[in-house]
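*Asks:*
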Ligand SMILES: N[C@@H](CCC(=O)N[C@@H](CS)C(=O)NCC(=O)O)C(=O)O
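Numbering (our numbering), first residue to last: 16 to 244.
(1) Enumerated in chain order, which unbroken segments of the alpha helix (DSSP H) with a length of 4 residues or greater are wholly contained in the segment 75-118?
(2) Under a three-way DSSP split, which group does residue 48 fall into?
(3) Rounded to the nearest angstrom, how far is the Cβ of residue 72 from that of residue 108, given a contact under 8 Å?
(4) In three-state DSSP terms, what is residue 12?
(5) By the three-class DSSP mapping on this structure, what secondary structure does residue 16 have?
(6) Should residue 78 be labelled buried (16 or more other beta-carbon atoms within 10 Å of its own) or exposed?
(7) Quick one: Cα of residue 139 to Cα of residue 162, how far?
(8) Would you say residue 70 and residue 243 are within 8 Å of each other, going by their C-beta atoms?
(9) Decide yes or no for the touch test of the segment 133-147 against the segment 203-215: beta carbon pairs closer than 8 Å, at least 3 of them.
(10) Sorted by chain position, which residues of the same chain lie with C-beta nearer than 7 Å to residue 199's C-beta, five sequence neighbours on each side aside?
(11) Should residue 229 be labelled buried (16 or more other beta-carbon atoms within 10 Å of its own) or exposed?
(12) For residue 77, decide whether its Cβ has a neighbour in chain C, counting only Cβ atoms nearer than 8 Å.
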């Protein structure tokens, strides 16, 4: 398919190929392009990771409320009809978790994962809890479904319950290692996933996060992480 084909050099005649290779050797590398929606916590994770790593990128808005995620052109980038999607050269990645790991490998500056294997696994486990055990239980499609089938306002207590359950688990897991941030005094992958989830919980779902913050030495500093986007 178009997504998997990679660079199209092999379609060109031999002379043009070498000219193109020379030109691309001199041309500055194109900036990665992020397809994102401002309120999307999944996109927010990627924006924080890009900013922490100091990667210059082009922002392209996909308005979820207008249904732009179902645009056939966008679906070539993410057939799941979700944001975010990242295009970096010939790499097309349509999932925040995959994007975060890709950025970590391709742009090793300001690492998000520690060398220590146990801490690395804990970071990955927490990121996974957010992206498979919390956020999918309150994504736009599900919230709309609950509002339509169960009743107006009925999605809020459901969402609060899912967020509270996930954060209670995370809170237990970070006991003993939390500092200014969840895994210590440095921002790590777990924080890149937790901060947007907390931001959404507080600003959109009126969730009381105070209980879950008592382990952190600086909740205000932690919240400011979510403004890095
Ligand atoms: N596992 C995916 C989930 C992506 C996802 O659920 N994105 C939401 C926004 S945070 C979305 O695009 N929702 C659109 C919809 O539900 O129609 C990821 O982490 O990127």
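All C-beta atoms in this analysis are idealised placements derived from N, C-alpha and C, irrespective of residue type, glycine included.
*Replies:* With the structure as the only source:
(1) Entirely contained in the segment 75-118, the alpha helix (DSSP H) runs reaching 4 residues are, in chain order, 87-90.
(2) DSSP, reduced to helix, strand and coil, places residue 48 within a strand of the structure shown.
(3) 13 Å between Cβ atoms; not a contact.
(4) Residue 12 cannot be examined here, being either before or after the span of the chain that is shown, 16 to 244.
(5) Unreliable positioning characterises residue 16 in this predicted model, as indicated by a pLDDT of 35, which lies under 50. The coordinate reading is nonetheless provided below. Coil at residue 16, not helix or strand.
(6) With fewer than 16 other Cβ atoms from the protein chains shown falling within 10 Å of its own Cβ, residue 78 counts as exposed.
(7) Going by the C-alpha atoms only, they are around 32 Å apart.
(8) By the CB criterion at 8 Å, residue 70 and residue 243 fall outside the cutoff.
(9) Output reads yes: the segment 203-215 touches the segment 133-147.
(10) Here the set comprises 192.
(11) Exposed.
(12) Protein chains in the displayed structure number just one, and chain C is not present.
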